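If you count by our numbering, then the sequence shown holds residues 16 to 403, one letter each, in order. Accompanying notes for the structure given below.
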Amino acid sequence: MAVSQRLGVSPERAWVGAAVTATALLAVGALALPRLVWDRFLWHYFWGPVYADATNARCAVIEGGGSPVLLGSDAACRTADAGGAIVAEPGYTVVSEIGYAVTLIFFLIGVLYLLRYLEVGHQKRFFFALVPFMFFGGALRVVEDANDAALNAGIDTLLSYPTNTLIISPIIYFTVFVFTLAALAATVWLEREGHVEEYERALFGVGVAGTVLTVGFLLWFVPTQLAGRIPGVGFYPQMSLFVLAASSVLAYGLYRLVEVRLPVVNEGTGLAGLVVLFAHAVDGVANVVAADWLDPLGIPVEYGSKHPVNRFIVDVTEGLQPAGLSAAIGTSWPFLVVKLVAATAVVYVFDRRIFEENPRYAIVLLVAIVAVGLGPGTRDMLRATFGI
């Protein structure tokens with residue numbers, strides 16, 4: 016934002032102006048060139064996948080500039096794609112992941128300005144206070160999975176379209192983001208009014224309460240409303256127990272290893288680095304178990320990855336790894352290795368100097384890094400725990 020300062024505009028105003036300008040350009044483009052900007056870009060890569068996911072369809076299709084049509088089979092989706100229609104499937108594409116990454120970075124800058132305005136978020140206590148919100152986000156996403164399962168089975172649903180889009184990825188990130196900001200504003204106000212001693216503890220409590228209530232709802236809804244009416248749906252606590260235990264062992268073991276062999280890696284983050292490792296271990300372990308080890312754990316469901324990076328790693332492993340070895344250990348294990356190596360590298364990048372020069376910036380980035388691991392990992396873990 017150095018340019019804004021040279022122009023005599025505060026960085027905060029420049030951020031708001033950039034947000035308004037980008038929104039206006041997309042809106043004008045969608046109105047002026049609907050086929051190009053809306054149909055082939057915004058709808059195809061961003062809203063269409065959410066729409067298909069929210070309505071539990073295999074894909075959503077726009078053909079000839081008409082209204083979206085939902086299709087219920089992979090064959091129909093392939094036929095529409097071959098015929099030149101615009102086909103949007105649930106999940107992510109490379110284009111959408113780049114778009115969401117850019118949006119994430121932009122909003123992180125906005126959060127940084129907000130924290131500076133509130134004069135909070137410069138201590139690591141703030142980082143730890145936000146960890147429960149990552150679990151909350153993942154658990155909330157499983158509520159939508161349960162909602163989809165009910166819809167598929169003709170059971171009364173909790174939420175219908177378009178309300179359910181609020182808890183579908185990636186919009187759920189914005190939903191949890193708004194909830195977290197509201198909790199932060201409320202707890203900071205409580206501290207400054209003398210109602211609580213430390214806003215971080217109150218904020219941590221809000222996150223824990225949200226997680227407990229959401230998981231508690233799933234513990235009631237899935238066994239009583241879905242189990243016995245949908246094949247495979249039930250309660251399989253071994254999934255959560257295994258994922259959390261394995262992730263804890265891997266994260267702590269790796270943390271202690273680098274602490275002994277390369278202490279410079281943990282020098283800046285301290286225990287926050289352990290949380291980063293744990294978050295991405297949860298994501299990695301949950302993915303590996305969901306892809307290759309559900310049957311040995313006695314969980315009678317199957318899952319596939321929606322993330323291009325994970326699919327790419329699996330495809331490469333299938334091509335390089337001998338078939339016999341793949342049958343024995345699966346093909347998704349390299350994803351866990353990549354997650355742990357990447358997380359360790361991130362921890363190393365956050366050295367002591369970063370926290371000394373710009374602690375808010377470092378903490379906000381660490382929160383985001385934990386969120387993109389622990390949120391999806393919690394969702395995958397709980398989804399398999401309930402067989403949804």
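All C-beta atoms, glycine included, are put in the ideal place defined by N, C-alpha and C. Please read all numbers here as calculations on a predicted model, not as lab measurements.
Pairwise C-alpha distance: residue 207 and residue 7:
For residue 7 there is no data in the structure shown, the boundaries of the chain being 16 and 403.
- Query: Which residues in the same chain have their Cβ closer than 7 Å to the Cβ of residue 74, if we skip the five residues on either side of it in sequence?
  - Reply: In the sequence shown, residue 74 corresponds to position 59, counting from 1. Closer than 7 Å at the Cβ level, and outside the excluded window around residue 74, lie 67, 86, 92, 102, 103 and 104.
* In this structure, does DSSP put residue 40 in helix, strand or coil? -> Counted from its first residue, the sequence shown places residue 40 at position 25. Residue state, collapsed to three classes: helix.
(request) Would you tell me roughly how many angstroms separate the C-alpha atoms of residue 54 and residue 256, rounded to the nearest one? (result) Position 39 of the sequence shown, counted from the first residue, corresponds to residue 54. Position 241 of the sequence shown, counted from the first residue, corresponds to residue 256. Distance between the alpha carbons of residue 54 and residue 256: 44 Å.
Please go through the same chain and pick out, in chain order, the residues whose beta-carbon is closer than 6 Å to the beta-carbon of residue 307, but skip the five residues on each side of it. Counting from one through the sequence shown, the residue named residue 307 turns up at place 292. Residues 345 and 347 of the same chain have their beta carbon placed closer than 6 Å to that of residue 307, with the five preceding and five following residues left out of the count.
* Asked: Does the beta-carbon of residue 178 have 16 or more other beta-carbons within 10 angstroms, so that it is buried, or is it exposed?
  -> If you number the sequence shown from 1, residue 178 lands on position 163. Under the 10 Å beta carbon count, residue 178 is surrounded by fewer than 16 other beta carbons and is classified as exposed.
Open item on the list: Starting from residue 351, trace the alpha helix (DSSP H) in both directions and tell me its first and last residue.
Closed with: Locating residue 351 in the sequence shown gives position 336, counting from the first residue. Its alpha helix (DSSP H) spans residues 348 to 364.
Along the chain, where does the beta strand (DSSP E) containing residue 75 start, and where does it finish? Indexing the sequence shown from 1 puts residue 75 at position 60. Start and end: 74 to 77.
(Q) Less than 8 Å between C-beta atoms, sequence neighbours within five positions excluded: which residues of the same chain meet that for residue 341? (A) Counted from its first residue, the sequence shown places residue 341 at position 326. Excluding five sequence positions before and after residue 341, the CB atoms of its chain that fall closer than 8 Å to its own CB belong to 332 and 333, given in chain order.
Beta-bridge pairing of residue 85 - partner residues as DSSP gives them:
For the purposes of this step, residue 85 is taken as residue 70 along the sequence shown, with counting starting at 1. The partner list for residue 85 (beta bridge, DSSP) reads 75.
Practice prompt. Taking 8 Å as the cut-off, decide whether the C-beta atoms of residue 389 and residue 294 are in contact.
Written response: On the sequence shown, residue 389 is found 374 positions in, with the first residue counted as 1. On the sequence shown, residue 294 is found 279 positions in, with the first residue counted as 1. With contacts defined by Cβ atoms closer than 8 Å, residue 389 and residue 294 form a contacting pair.
Inset, instruction - Would you mind giving the Cβ-Cβ distance between residue 146 and residue 290, rounded to the nearest angstrom? I have them listed as a contact below 8 Å. - result: What you label residue 146 is simply residue 131 of the sequence shown in a count that begins at 1. What you label residue 290 is simply residue 275 of the sequence shown in a count that begins at 1. In this structure residue 146 touches residue 290 by the C-beta definition: roughly 6 Å separates them, less than 8 Å.
- Name the two residues that bound the continuous alpha helix (DSSP H) containing residue 211. Your numbering for residue 211 matches position 196 in the sequence shown. Segment: none, residue 211 is in no alpha helix (DSSP H) and carries neither H nor E.
Throw me the rounded Cβ distance for the residue 123 and residue 383 pair, which I believe falls under 8 Å. Taking the sequence shown and counting its residues from 1, the one referred to as residue 123 is at position 108. Taking the sequence shown and counting its residues from 1, the one referred to as residue 383 is at position 368. Their Cβ separation, rounded to whole angstroms, is 6 Å, which keeps residue 123 and residue 383 in contact under 8 Å.
Next on the checklist: Between the alpha carbons of residue 170 and residue 312, how many angstroms are there, rounded?
Outcome noted: Within the sequence shown, residue 170 is the residue found at index 155, counting from 1. Within the sequence shown, residue 312 is the residue found at index 297, counting from 1. If you take the alpha carbons of residue 170 and residue 312, they lie about 28 Å apart.
(message) For residue 375 and residue 130, I'd like the C-alpha separation in whole angstroms.
(response) Locating residue 375 in the sequence shown gives position 360, where the first residue counts as 1. Locating residue 130 in the sequence shown gives position 115, where the first residue counts as 1. In a straight line, the C-alpha of residue 375 is about 8 Å away from that of residue 130.
Selection from 336, 154 and 367 that minimises the alpha carbon distance to residue 278: As a working note, residue 278 is residue 263 in the sequence shown. Ranked by how close their Cα comes to the Cα of residue 278, the residues 336, 154 and 367 have 367 in first place.
Where do the N-terminal and C-terminal ends of the beta strand (DSSP E) with residue 101 fall, by residue?
Taking the first residue of the sequence shown as position 1, residue 101 is located at position 86. That run of the beta strand (DSSP E) goes 101 to 103.
Point to revise | Those residues which DSSP pairs with residue 242 across a bridge | key: As a first step, residue 242 is located in the sequence shown; it is residue number 227 there, counting from the start. According to DSSP, which records beta bridges pairwise, residue 242 is partnered with 245.
(message) Once the 5 residues before and after residue 144 are set aside, which same chain residues still bring their CB inside 6 Å of it?
(response) Along the sequence shown, read from residue 1 onward, the residue named residue 144 stands at position 129. Same-chain partners within the cutoff: 215, 218 and 219.
Should residue 109 and residue 155 be called a contact, given that it needs their Cβ atoms to be closer than 8 Å? Here residue 109 is taken as the residue at index 94 of the sequence shown, counted from 1. Here residue 155 is taken as the residue at index 140 of the sequence shown, counted from 1. In this structure, residue 109 sits away from residue 155, with a CB-CB distance that is not shorter than 8 Å.
Which word fits residue 4, buried or exposed, when buried means at least 16 other C-beta atoms lie within 10 angstroms of its C-beta?
Nothing in the structure corresponds to residue 4, since the chain is present only between 16 and 403.
**Message:** Looking at residue 6: is its Cβ nearer than 8 Å to the Cβ of residue 378?
**Reply:** No answer is possible for residue 6: it lies beyond the span of the chain, which begins at 16 and ends at 403.
Note to self: As a quick exercise: from 235, 99, 172 and 380, pick the residue whose alpha carbon is nearest that of residue 137.
What the structure shows: In the sequence shown, counting from the first residue as 1, residue 137 sits at position 122. The shortest Cα separation from residue 137 among 235, 99, 172 and 380 belongs to 380.
Residue 64 - containing alpha helix (DSSP H), residue span: Taking the sequence shown and counting its residues from 1, one reaches residue 64 at position 49. For residue 64, the enclosing alpha helix (DSSP H) begins and ends at 63 to 69.
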